[in-house]
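Enquirer: Respectively, the protein sequence lines represent chains H and B.
The opening residue of the first sequence carries number 1 in this note's numbering; numbering runs sequentially from there.
The opening residue of the second sequence carries number 1001 in this note's numbering; numbering runs sequentially from there.
Cβ coordinates follow ideal geometry from the N, Cα and C atoms, glycine included.
As the structure is a computational prediction, the values presented were derived from the model and not from experiment.
There are 2 protein chains.
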Amino acid sequence: MSAAGVGGAELLSLVLEFEVEKGGTPPGTVGRAIHALFFEILRELNPDLAEKIHSMRPYKPFTLSPLLGEGEERPSFPLMEGRRVYLRITSIWEPLSEKLVGLERFPSSPLSLGSLSLRPLRLITDPSHELVFLSSYREIYSRCFLEMKEIPRKILLRFTSPTTFRVGRANLPFPLPHLVFRSYADRWNSFSNVHLGKFGDEAGRWIVVSGYRLKSRVVNLGRGKRVAFVGWCEFEVRKGAPEFVRRCMRLLSEYALFCGTGQGVTMGLGQTSPSFLSGESTSV
Amino acid sequence: MSAAGVGGAELLSLVLEFEVEKGGTPPGTVGRAIHALFFEILRELNPDLAEKIHSMRPYKPFTLSPLLGEGEERPSFPLMEGRRVYLRITSIWEPLSEKLVGLERFPSSPLSLGSLSLRPLRLITDPSHELVFLSSYREIYSRCFLEMKEIPRKILLRFTSPTTFRVGRANLPFPLPHLVFRSYADRWNSFSNVHLGKFGDEAGRWIVVSGYRLKSRVVNLGRGKRVAFVGWCEFEVRKGAPEFVRRCMRLLSEYALFCGTGQGVTMGLGQTSPSFLSGESTSV
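(1) With a floor of 3 residues, list each beta strand (DSSP E) that falls wholly inside the stretch 1092-1151 of chain B, ordered by position along the chain.
(2) By how many angstroms is the C-alpha of R1153(B) removed from the C-alpha of G1270(B)?
(3) With 9 Å as the limit, tell me which residues of the stretch 9-38 of chain H have their beta carbon closer than that to any beta carbon of chain B; keep them in chain order.
(4) Report the three-state DSSP secondary structure of V194(H) (helix, strand or coil).
(5) So what does DSSP say about E81(H), is it helix, strand or coil?
(6) Output the distance between the C-alpha atoms of V194(H) and E1236(B), rounded to the nearest integer angstrom.
(7) Helix or strand or just coil, what does DSSP make of L1156(B)?
(8) Does the stretch 54-73 of chain H come close enough to the stretch 1006-1026 of chain B that 3 or more CB-CB pairs lie under 8 Å?
(9) Do Y212(H) and A256(H) have their beta-carbon atoms positioned less than 8 Å apart in this structure?
(10) Tell whether a beta-carbon distance below 8 Å holds between L1012(B) and T1090(B).
(11) Residues in the same chain with beta-carbon distance under 7 Å from F276(H), minus the five sequence neighbours each way, listed in chain order, please.
(12) In angstroms, rounded to a whole number, what distance separates the CA positions of L172(H) and G1082(B)?
(13) Give the residues of chain H in contact with L1214(B), contact being defined as C-beta atoms less than 7 Å apart.
(14) Does T1063(B) come out as helix, strand or coil in the three-state DSSP assignment?
(15) If you count every other CB in all the chains shown that lies within 10 Å of the CB of G197(H), and 16 or more means buried, which is it?
(16) At a Cβ cut of 9 Å, what residues of the stretch 162-183 of chain H count as close to chain B, listed as they run along the chain?
(17) Is DSSP giving N1189(B) helix, strand or coil here?
(18) Which residues of chain B have a Cβ atom closer than 7 Å to the Cβ of S210(H), listed in chain order?
(19) Taking only the alpha-carbon atoms, compute the straight-line gap between S117(H) and M80(H) and give it to the nearest angstrom.
(20) Is the Cβ-Cβ distance between Y137(H) and S192(H) less than 8 Å?
(21) Give a yes or no on whether 8 Å exceeds the smallest Cβ distance from R344(H) to chain B.
(22) Please list, in chain order, all residues of the same chain as P1177(B) whose beta carbon is under 7 Å from its beta carbon, the five residues on each side excluded.
(23) Which residues in chain B have a C-beta closer than 9 Å to the C-beta of R238(H)? List them in chain order.
(24) Helix, strand or coil for G5(H) per DSSP?
(25) Pairing CB atoms from the stretch 1067-1076 of chain B with CB atoms from the stretch 1095-1104 of chain B, are three or more of them under 8 Å?
(26) Sorted by chain position, which residues of the same chain lie with C-beta nearer than 8 Å to Y1141(B)'s C-beta, five sequence neighbours on each side aside?
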């Protein structure tokens, strides 16, 4: 995940810094408010682009984290006046990435969340920040399919915000391999030039869970509660699997950093951070 | 789960107490050794019954826990000479239950586990012990289908020993509702007079996971490693489900205490303890 140069970066993970203008506790449905804020920002940037993104189906080309503290997964509430809070924004589509990364100052009016008011300060695009990453479809593809000689059989994904899948009419709060990797492949296929096929079926056949520590979190996005999970899960390609499966698992795991996992990734859910393991096992 | 009277108890959860005769650390494949010990005991009790149980397919009518400490899920190893350790034994079949519950003294030669030697002391059948339960198919059925007026929509299951499901050629270490409840229904249908049908399909349609905290555990039963899980999971019947689904979920959860969950229940896996919730939510 080295920097691809700001010019050619189609895949972005950036951080928007806020100052608390008026202290308070955000409402339960903060994900929906953050989503609305982002569209406000987009409209200020470029109304046509905002309109286009708003109508994109089935996948929108960005993800948003929940409110983050400084180095914390979630800040403790209530937030005091003057405090800094952060929002991680990713883009997986070049037209949006170009707009975001070219910004000098992040224009927007304050974000109201119930009684709380947050003033956007700046968009952090410096790759030395721990949450900032710049890459491209080509870079990830080249690394995973052309440059890497040995592909490890295991990868570990950290689900750093509540994550869930929609299956039928219910939420399924477990990272089943076919759901996880189909979630990435569908987005990859929607936004890249290289089509990977319906990788979900391959993942279901060849990728197994080799370890995890997960717990549920109930989230409210404003249309009823959803049961989601946070924690980590390690995936392993079974012996005998085609090399394509290993390379694809690696590629999609790198992509997960940008595209998020499962449902509600534009409203704070599904933030995902991959780790790549060299050895054969992790402590469980 | 009150006592049904020792005479009529088809469903048993009893505890076998051992004294460490020669200290040491059990091998990794202790589940297989415990399984072998139990068949040794059965053969001493009644060779014909042992032979019959040995050939029963696909389900054997008992479960065995891993080695337990006094009030501990697992004793710490190595075990010192003179220390007491415990094994929970369940029976879900009347001919076996009759033999077990009628015992005055538990006959067996010492159990060798690698360098460790365990001498069976006694079989604890007193229902005041926290792991001893006596019930019957009729008792559970009557309570869940006839006596209970209100059936809560939620139940919580604690998986107190590593639990896993076999799906295709791989282990699936998540308590998906259709796997969990099919596991119970298949055993219930094999050993009771009341047939519940293939409840797995109903469970998949109507029962969702409403909360959990789980982590993986790698276990070795002597034929390769398996990835399993321990922890708790709460299940909820969706609104609009037929009353049969609620009653059946309750019945099977009570039965889970005796029949265990998933694979390897005769070798220490899948020990399960249900809790019944009166309210609508638990803390997650």
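Expert: With the given structure in hand:
(1) As far as the stretch 1092-1151 of chain B is concerned, its whole beta strand (DSSP E) runs of at least 3 residues are 1111-1113, 1116-1124, 1133-1135.
(2) Within the model, the alpha-carbon separation for G1270(B) versus R1153(B) is close to 23 Å.
(3) For the stretch 9-38 of chain H, no residue has a beta-carbon sitting nearer than 9 Å to a beta-carbon of chain B.
(4) DSSP places V194(H) in coil when its eight states are reduced to three.
(5) Of the three classes helix, strand and coil, the one that applies to E81(H) here is coil, per DSSP.
(6) Going from the Cα of V194(H) to the Cα of E1236(B) covers about 41 Å.
(7) Residue state, collapsed to three classes: strand.
(8) The answer is no - the stretch 54-73 of chain H does not touch the stretch 1006-1026 of chain B, with fewer than three Cβ pairs under 8 Å.
(9) No.
(10) Yes, Cβ-Cβ distance for L1012(B) and T1090(B) is below 8 Å.
(11) Excluding positions up to five away in sequence, the list reads P152, I155.
(12) In this structure, the straight-line span from the alpha carbon of L172(H) to that of G1082(B) is close to 48 Å.
(13) L214, listed in chain order.
(14) Strand, per DSSP.
(15) Residue burial is scored here from C-beta neighbours: G197(H) has fewer than 16 other C-beta atoms within 10 angstroms and is therefore classed as exposed.
(16) Those residues of the stretch 162-183 of chain H that come within reach of chain B (Cβ to Cβ, closer than 9 Å) are G168, R169, A170, N171, L172, P173, F174, P175, L176.
(17) If DSSP states are grouped into helix, strand and coil, N1189(B) belongs with the helices.
(18) What S210(H) touches in chain B: V1227.
(19) If you take the alpha carbons of S117(H) and M80(H), they lie about 10 Å apart.
(20) Judged by beta-carbon spacing, S192(H) lies within the 8 Å limit of Y137(H), meaning their Cβ atoms are closer than that value.
(21) The shown model of chain H, from 1 to 284, leaves out residue 344(H), and the question about it has no answer.
(22) Once the five neighbours on either side are set aside, the close Cβ partners of P1177(B) are A1203, G1204, I1207, V1208, V1209, F1235.
(23) The contacting residues are R1169, A1170.
(24) Since pLDDT at G5(H) reaches only 42, below the 50 mark, its modelled position is unreliable, and no value is offered.
(25) The answer is no - the stretch 1095-1104 of chain B does not touch the stretch 1067-1076 of chain B, with fewer than three Cβ pairs under 8 Å.
(26) Once the five neighbours on either side are set aside, the close Cβ partners of Y1141(B) are S1192, V1194, L1251.
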